[in-house]
Amino acid sequence: MEYHRKQVISGLNDALSHSAISMFVTSATTAVAFFANLASEIVVLRCFGIYAGTLMLINYILVIIILPAAIIVTDTGVKIFTTSKFFISKLKYRIASFWHNAATNFDKMFNRLIPQIVYIIRLPLILLTFIVFALSIYAIAKKPGIRLPERNSIQFLRSNHPYEWFDENAATLFDFSIGQQPKMNVVAVWGIKPTTTGSLLIPNEKGTLNVDNGFIDLLANHLLEFQVNFYKYKNELSNDKI
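So for the sequence shown, full-length UniProt numbering puts the first residue at 1; every next one is plus one.
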């Protein structure tokens, strides 16, 4: 018992000495790649990077610590469970007999029975194969006709099916030229300093706005000039769309 336990521990030490370094390298490189998301401006990516990188490191630590201990405990529990040698040998004999009979039956089925059945029905099987082949060619070429979609890239049914009618004929029957122009919504905010007071890792904490007190004086002195330039820019955008 003690000798077997020493063998198990020695085998685990040898296995960990060879695999621990390679496992650490793979886990560390993956964790570093996830932690690189901290440089992103998106809060969700930062949180995901911290979660995934920490998970990789914890997974490595658990594998190194818990797996060897679990193997030793399991092996010890199996050895403690004692049974009579006669019962074990009888059980082994029954299992071996069952697998031998199953293997023999499978061998007879695949090497004798199935080839005989195929040989007996070879002529009807060949004829049925040719019939299915001819029907497939007719279905593809004639009716209902199978071809690659020309207009709808995600077409599922045939082109004359009512479900696919709109996607198949929309481009030829309707004019979408006006709606196809790309649009960009712009929200302009003045009087706010470009500062970030919110949390870098908590999405719900948006921070506070820092009002630019000098903007009021600047707007009062150059209000007319600002309005003229703004309307010019708006008219230029309208002319470009026309």
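Every residue gets a Cβ at the ideal spot worked out from N, C-alpha and C, and that includes glycine. Keep in mind the model is a prediction, meaning the values are calculated, not measured.
Proximity below 9 Å, CB of residue i to CB of residue j
{"i": "V8", "j": "I72", "result": "yes"}
{"i": "F24", "j": "I50", "result": "no"}
{"i": "L201", "j": "R46", "result": "yes"}
{"i": "N210", "j": "K193", "result": "yes"}
{"i": "S199", "j": "V44", "result": "no"}
{"i": "L125", "j": "V118", "result": "yes"}
Selection from the options that minimises the alpha carbon distance to residue i
{"i": "S10", "options": "A188, T26, P68, A36", "result": "P68"}
{"i": "F26", "options": "Y60, A52, E205, A39", "result": "Rather than Phe, the amino acid found at residue 26 in this sequence is Thr. Nearest option by C-alpha distance: Y60."}
{"i": "D212", "options": "S199, F226, V186, T195", "result": "T195"}
{"i": "A31", "options": "L57, Q116, A39, L123", "result": "L57"}
{"i": "G53", "options": "T74, F106, A28, S97", "result": "A28"}
{"i": "K234", "options": "W99, V186, K142, G207", "result": "V186"}
{"i": "L16", "options": "I66, L38, R112", "result": "I66"}
{"i": "M184", "options": "D107, S22, L237", "result": "L237"}
Residue i: CB within 8 Å of a non-hydrogen atom of the ligand FMN
{"i": "W190", "result": "Ligands displayed in this structure: none; no statement on the ligand FMN is therefore possible."}
Where the alpha helix (DSSP H) containing residue i begins and where it ends
{"i": "P124", "result": "122-141"}
Supposed close pair residue i, residue j - CB separation, criterion 8 Å
{"i": "W190", "j": "F215", "result": "6 Å"}
{"i": "A20", "j": "I64", "result": "6 Å"}
{"i": "L219", "j": "F226", "result": "7 Å"}
Item to complete: Scan the UniProt domain "SSD" (1-73) and note each continuous alpha helix (DSSP H) run of 4 residues or more that stays entirely inside, going in chain order.
Response: 2-35
Discussion item. Extract the residue ranges of the alpha helix (DSSP H) inside the region 160-216, only unbroken runs of 4 or more that lie entirely within it.
Written reply: 165-173
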